[in-house]
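Numbering of the sequence shown is given in my numbering, commencing with residue 472 and proceeding in unit increments.
We put the CB at the ideal spot given by N, CA and C, even for glycine.
In what follows, a single structure is set out as structure tokens and then discussed.
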Amino acid sequence: MITMGIDPGYERLGLAIIETTNSSPDNLLYSTCLTTSKTDIFPDRLKQLAEDAERLLKKYRPDTLAIEELFFSGNQKTAMRVSEVRGMIMYLGLRAGAAIINLTPLQVKMSITGYGRASKSQVAAMIGKLVKIPPGQRHDDEYDAIAVALAGAAHARHTLIHTRTSN
């Protein structure tokens with residue numbers, strides 16, 4: 472099973488692809504942080520993110536697209552724009568045939584560390600124990616996307632197992 476994890480944003484969008492099999496640990500196939508220029512108008516930024524995401528959806532053909540739900544306590548304009556990015560990504564995922572899983576930050580942290588109030592450094596440390604991450608500098612958004620992908624894959628596995636046992 473292939474899961475794409477998304478940490479939504481329009482300046483930086485974290486994206487990760489993991490593969491899950493029954494016989495081995497999860498495998499990180501790809502991760503990145505898609506970025507757009509602050510000087511571009513929002514529709515151009517949205518278009519760039521859509522093109523990049525669509526290219527990766529076509530390349531990896533995920534079964535599941537896990538996307539983090541928004542948690543904003545401040546800027547409404549930012550929240551609205553990130554919501555627009557989320558909607559666009561979900562549409563592209565559905566169009567590509569992926570099942571959509573929405574996860575709250577609490578659910579992601581709980582799935583990765585067992586503690587819903589874990590710090591970013593605790594989540595990052597646990598991610599390194601769950602999947603092999605190639606060396607290199609990464610934005611927090613990329614680590615967040617890997618965590619979302621892992622949590623989404625765990626959710627999908629649980630749902631499949633539950634569905635199989637209740638039939």
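With a beta-carbon spacing of about 19 Å, T575 and E613 fall beyond the 8 Å limit used to define contacts. Per DSSP, the beta-bridge partners of R483 are T506. Residue state for L499 is assigned as strand, using DSSP reduced to three classes. Residues M472, I473 of the same chain have their beta carbon placed closer than 6 Å to that of D534, with the five preceding and five following residues left out of the count.
Counted as a single uninterrupted DSSP element, the stretch harbouring M472 is not any alpha helix (DSSP H), since DSSP gives it neither H nor E. Here H610 has R483, G485, C504 as same chain residues with Cβ atoms under 8 Å from its own Cβ, once five neighbours each way along the sequence are excluded. DSSP places A620 in the helix class (H, G or I) of the three-state scheme.
Looking at the DSSP output, I572 bridges to A537. Taking each of A624, D615, K548 in turn and checking the Cα distance to E490, the smallest one comes out for A624. Within a 10 Å sphere around the beta-carbon of P479 sit 16 or more other beta-carbons, which makes this residue buried.
Counting C-beta pairs closer than 8 Å gives fewer than three between the region 585-592 and the region 553-560, which falls short of the contact rule. Taking C-alpha positions only, L527 is separated from T506 by approximately 15 Å. Relative to the Cα of Y501, the nearest Cα in the group I598, D615, M475 belongs to M475. Where A596 is concerned, the enclosing alpha helix (DSSP H) starts and stops at 591-601. Checking the DSSP bridge columns, you'll see D611 has no partner listed. Between the alpha carbons of I604 and N498 lies a distance of about 9 Å.
Cβ neighbours of A521 within its own chain (closer than 7 Å, five residues either side excluded): M559, L563.
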